[in-house]
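In my numbering, the protein residues as written are 584 to 1006.
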């Protein structure tokens, strides 16, 4: 397995722009395909998750054309039944919304993926779709991909969906609901995790002409006749989750300006900057940019349910802070590309941190000085990027399988090296 050794220490400085958001890129691709008119998408992320969605579109006969640095997506949504299964790797942002969309579209489809995808639950989404009359069968273990979908036009109705596992289930249902012929009412049972991702979905749907009614906080109504309308052009926001690593680097070791981040973004992970400020970092918001400067950091106690991806970065940043950092309400880490709670705790202990892993929380403090370790990344892009930050301390750091960052940020290590002044 490839090992990347990062030299120790050195200040960081520089200005950089973020690649497009993974979550917004795949959502925008799908909503564009639902429109009758073509849509030009700019700043679409070029990474594995998006390539899997584009590969699915190709298999389904959905027209996507490269127009220089932009993508042109042309509807209407009339996919064909492919002759072979559609392989989606470990891209949850493709698997979940395509499951919903294809269940409501006449045709026969099989969705497959990598072995880890078959460990990521999808049963609650399938159960919700079955309440509408969808015909979906498991090809392996009950409640998990791969799936066989016999898509058909559905009338709509009332759907109860659990909110405590993955916001992607609700987002998938919301985006596909206008494909039904009647009203669709989605009722969330229990606490909704990762609420900002649902707000992101609703905000993007509104850009494409569909607004959900909300008679109360846990109920969403998509009225019959709702149709997506192309905005003509759409610029994908810079990825706030990917920005977290560079923001943390600035707080730990220097002065970094990130372009494309701003208050009020659709992405909730922009609130990671507030968490850094709570830890003591110097933060200056500008016009569509933010500057983060080194300061003495202290541990914080945070409910991170609203920023689950960026919160991982707090776990490694905590090793540069005085005192303990507690990251709470993050059970859904266990349902991601790997069991991120266990993986994070395991690798933090390797470098000498004091760690307590709970069912839905992690407590981290510096412990002894950060020591060299070869960090297992579990084929999880965020593990690789989070632990790269530890090389900003007094010890070098080894990252196994560094190319796993291709899922969302193929050139991450080049960009990280570019802001390091000496190493």
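Ideal Cβ placement from N, Cα and C applies to all residues, glycine included.
Where residue 796 and residue 956 are concerned, what is the direct C-alpha to C-alpha distance, given to the nearest angstrom?
For this step, residue 796 is matched to residue 213 along the chain shown. For this step, residue 956 is matched to residue 373 along the chain shown. So the two alpha carbons sit approximately 51 Å from each other.
If residue 596 sits next to residue 839, beta carbons under 8 Å apart, how far is it from one beta carbon to the other, in whole angstroms?
For the purposes of this step, residue 596 is identified with residue 13 of the chain shown, where counting begins at 1. For the purposes of this step, residue 839 is identified with residue 256 of the chain shown, where counting begins at 1. Rounded, the Cβ-Cβ distance is 7 Å, consistent with contact.
Looking at residue 977: is its Cβ nearer than 8 Å to the Cβ of residue 591?
Taking the first residue of the chain shown as 1, we reach residue 977 at position 394. Taking the first residue of the chain shown as 1, we reach residue 591 at position 8. Yes, they are a contact pair.
In whole angstroms, give me the CA-to-CA distance for residue 919 and residue 703.
Locating residue 919 in the chain shown gives position 336, where the first residue counts as 1. Locating residue 703 in the chain shown gives position 120, where the first residue counts as 1. Taking the straight line from one Cα to the other gives about 7 Å.
Evaluate residue 586 with the Cβ neighbour count: other Cβ atoms within 10 Å of its Cβ, from every protein chain shown; 16 or more gives buried, anything less gives exposed.
Indexing the chain shown from 1 puts residue 586 at position 3. Under this definition residue 586 is an exposed residue.
In this structure, how does DSSP classify residue 803 when only helix, strand and coil are distinguished?
In the chain shown, the residue the question calls residue 803 occupies position 220. Strand at residue 803.
What distance in whole Å lies between the Cβ atoms of residue 787 and residue 732, which are believed to be in contact at a cut-off of 8 Å?
One-based indexing of the chain shown puts residue 732 at position 149. One-based indexing of the chain shown puts residue 787 at position 204. Contact doesn't hold; Cβ gap of about 24 Å is too wide.
For a quick check, are the C-beta atoms of residue 727 and residue 674 less than 8 Å apart?
In the chain shown, counting from the first residue as 1, residue 727 sits at position 144. In the chain shown, counting from the first residue as 1, residue 674 sits at position 91. No, the Cβ-Cβ distance between residue 727 and residue 674 is not below 8 Å.
So, at 7 Å on beta carbons, what are the nonlocal neighbours of residue 639 in its own chain, with the 5 sequence-adjacent residues on each side left out?
One-based indexing of the chain shown puts residue 639 at position 56. Excluding residues within five positions, the ones whose Cβ falls inside 7 Å are 669, 671, 677, 681.
Could you give the DSSP three-state label for residue 776: helix, strand or coil?
Here residue 776 is taken as the residue at index 193 of the chain shown, counted from 1. The answer is coil: DSSP assigns residue 776 none of H, G, I, E or B.
Use the C-beta contact count for residue 931: other C-beta atoms within 10 angstroms, 16 or more gives buried, fewer gives exposed.
By 1-based counting over the chain shown, the position of residue 931 is 348. When all chains shown are included, residue 931 counts as buried.
Roughly how many angstroms lie between the CA atoms of residue 765 and residue 664, to the nearest whole one?
Position 182 of the chain shown, counted from the first residue, corresponds to residue 765. Position 81 of the chain shown, counted from the first residue, corresponds to residue 664. If I take the Cα positions, the gap works out to 24 Å.
Look at residue 628 and residue 655 and say whether their C-beta atoms are less than 8 Å apart.
By 1-based counting over the chain shown, the position of residue 628 is 45. By 1-based counting over the chain shown, the position of residue 655 is 72. Cβ atoms of residue 628 and residue 655: not closer than 8 Å.
Among the candidates 617, 707, 940, 683, whose CA atom is the shortest distance from the CA of residue 772?
Taking the first residue of the chain shown as position 1, residue 772 is located at position 189. Among 617, 707, 940, 683, the Cα nearest to that of residue 772 is on 707.
Can at least three beta-carbon pairs, one atom from the stretch 870-888 and one from the stretch 896-908, be found at a separation below 8 Å?
yes
Rounded to whole angstroms, how far is the Cβ of residue 809 from the Cβ of residue 620, which I believe are closer than 8 Å?
Position 226 of the chain shown, counted from the start, is the residue given in the question as residue 809. Position 37 of the chain shown, counted from the start, is the residue given in the question as residue 620. Not confirmed; about 16 Å, so no contact.
Decide if residue 816 is buried, meaning its Cβ has at least 16 other Cβ atoms within 10 Å, or exposed.
Looking up residue 816 in the chain shown gives position 233. With fewer than 16 other beta carbons inside 10 angstroms of its own, residue 816 counts as exposed.
I'd like the span of the alpha helix (DSSP H) that includes residue 827, first residue to last.
Counting from one through the chain shown, the residue named residue 827 turns up at place 244. 823-836 is the extent of the alpha helix (DSSP H) around residue 827.
Just mark residue 1004 as buried or exposed, buried being the case when its beta carbon has 16 or more other beta carbons within 10 Å.
Residue numbering aside, residue 1004 sits at position 421 when the chain shown is read from its first letter. Exposed, since its Cβ has fewer than 16 Cβ neighbours within 10 Å.
Mind checking residue 947: buried by the 16 CB within 10 Å criterion, or exposed?
For this step, residue 947 is matched to residue 364 along the chain shown. So residue 947 ends up on the buried side.
Looking at the structure shown, is residue 902 part of a helix, part of a strand, or coil, going by DSSP?
In the chain shown, the residue the question calls residue 902 occupies position 319. The answer is helix: DSSP assigns residue 902 an H, G or I state.
Please report the distance separating the alpha-carbon of residue 851 from that of residue 759.
Looking up residue 851 in the chain shown gives position 268. Looking up residue 759 in the chain shown gives position 176. When rounded, the distance between both Cα atoms is 22 Å.
Would you kindly check if the distance between the Cβ of residue 818 and the Cβ of residue 793 is under 8 Å?
Sequence index remark: in the chain shown, residue 793 carries index 210 (1-based). Sequence index remark: in the chain shown, residue 818 carries index 235 (1-based). Their beta carbons are not under 8 Å apart, which means residue 793 does not touch residue 818 by this criterion.
Which residues share a DSSP beta bridge with residue 719?
Here residue 719 refers to the residue found at position 136 when the chain shown is read from its first residue. DSSP, once it has assigned bridges, lists 732 as partnering residue 719.
With distances taken between CB atoms, is the gap from residue 896 to residue 845 smaller than 8 Å?
Locating residue 896 in the chain shown gives position 313, counting from the first residue. Locating residue 845 in the chain shown gives position 262, counting from the first residue. It is not a contact, given that the beta carbons lie outside the stated cut-off.
Considering Cα atoms alone, identify which of 666, 667, 776 is closest to residue 889.
Taking the first residue of the chain shown as position 1, residue 889 is located at position 306. Comparing Cα positions, the closest option is 776.
Please classify residue 923 as buried or exposed, where buried requires at least 16 other C-beta atoms within 10 Å of its C-beta.
Against the chain shown, residue 923 aligns to sequence position 340. By the 10 Å Cβ count, residue 923 comes out buried.
Should the stretch 742-754 be regarded as contacting the stretch 709-717, the criterion being three or more beta carbon pairs within less than 8 Å?
The answer is yes - the stretch 709-717 touches the stretch 742-754, with three or more Cβ pairs under 8 Å.
Assign residue 886 to buried or exposed, taking buried as 16 or more other Cβ atoms, counted over all protein chains shown, within 10 Å of its Cβ.
Against the chain shown, residue 886 aligns to sequence position 303. By the neighbour-count definition (other C-beta atoms within 10 Å, threshold 16), residue 886 is an exposed residue.
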